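The next block holds one structure in the form of structure tokens; read it before the comments.
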Amino acid sequence: MTERHKIYTDGACSGNPGPGGWAWISTSGQFASGFAAHTTNQRMEVEAAMEAVSNNSGALEIVSDSTYVVHCFRDEWWKGWLKRNWRNSQRKPVANRDLWEPFIEEVLQRDVTFTWVKAHAGNHWNELADQLAVEAGYLQSARKGSQVPNDIKSP
Numbered sequence: 000m001t002e003r004h005k006i007y008t009d010g011a012c013s014g015n016p017g018p019g020g021w022a023w024i025s026t027s028g029q030f031a032s033g034f035a036a037h038t039t040n041q042r043m044e045v046e047a048a049m050e051a052v053s054n055n056s057g058a059l060e061i062v063s064d065s066t067y068v069v070h071c072f073r074d075e076w077w078k079g080w081l082k083r084n085w086r087n088s089q090r091k092p093v094a095n096r097d098l099w100e101p102f103i104e105e106v107l108q109r110d111v112t113f114t115w116v117k118a119h120a121g122n123h124w125n126e127l128a129d130q131l132a133v134e135a136g137y138l139q140s141a142r143k144g145s146q147v148p149n150d151i152k153s154p
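Positions 0 to 154 (numbering that gives the first Met the number 0) are the ones given, in order, by the sequence shown.
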């Protein structure tokens, strides 16, 4: 059985749409965050997972509190989108296609699984990812590092 590198992701947005942030953090402490001046929560959730996959090698388990991200892969929503020429089950254009297309392509070339975690339910790593995403959106600044920052260690 392949050992997977576990990475928690989260996105945040104030106003929805409004200023937003995304973040990922691995259980080894490596992390990154980023921001967008005018975005949505869903875009930041996708961006967080996409950045996690793009910036980490090997077999990955992406843990997200976003059913939007998790269901796309776990329940293979993407297959229906492709079959319907990028239309969702309601036959409307898939939102955030500009993010989904390259993300799906990358995931299909990698060994990546997706797991859902309940938000704000006390999961240490999910809370850290949330703090980083909220901070990135609020401050409109990004950061990255190889160990959990001291200022966010205790959610």
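Here a beta-carbon is modelled for each residue, glycine too, at the ideal position from N, C-alpha and C.
All values derive from a computational prediction rather than experimental measurement.
Straight-line gap, Pro148 to Glu46 (C-alpha atoms, nearest Å):
Taking the first residue of the sequence shown as 1, we reach residue 148 at position 149. Taking the first residue of the sequence shown as 1, we reach residue 46 at position 47. Those two C-alpha atoms are separated by around 21 Å.
Coarse secondary structure for Gln147, derived from DSSP in three states
If you number the sequence shown from 1, residue 147 lands on position 148. The residue you asked about is not Gln; residue 147 is Val in the sequence shown. Here Val147 sits in coil by DSSP.
Please list, in chain order, all residues of the same chain as Pro16 whose beta carbon is under 7 Å from its beta carbon, the five residues on each side excluded.
Here the question's residue 16 lines up with position 17 in the sequence shown. The answer, listed in chain order, is His37, Thr38 and Thr39.
Could you give the distance in angstroms between the alpha-carbon of Arg83 and the alpha-carbon of Tyr67?
Within the sequence shown, the letter at position 84 stands for residue 83. Within the sequence shown, the letter at position 68 stands for residue 67. So the alpha carbons of these two residues sit roughly 18 Å apart.
Could you give the residue range of the beta strand (DSSP E) that holds Asp9?
Here residue 9 refers to the residue found at position 10 of the sequence shown. For Asp9, the enclosing beta strand (DSSP E) starts and ends at His4 to Cys12.
Assigned secondary structure, Ser25 (DSSP; H/G/I helix, E/B strand, else coil):
Here residue 25 refers to the residue found at position 26 when the sequence shown is read from its first residue. Strand at Ser25.
Cβ-Cβ separation, Lys5 to Glu60 (assumed contact under 8 Å), whole Å:
As a first step, residue 60 must be located in the sequence shown, where it is residue number 61. As a first step, residue 5 must be located in the sequence shown, where it is residue number 6. Taking a contact as a CB-CB distance under 8 Å, the pair Glu60 and Lys5 counts as one, their CB atoms being some 5 Å apart.
Taking the alpha-carbon positions, what's the Phe72 to Val116 distance?
The residue you call residue 72 lines up with position 73 of the sequence shown. The residue you call residue 116 lines up with position 117 of the sequence shown. Distance between the alpha carbons of Phe72 and Val116 is about 15 Å.
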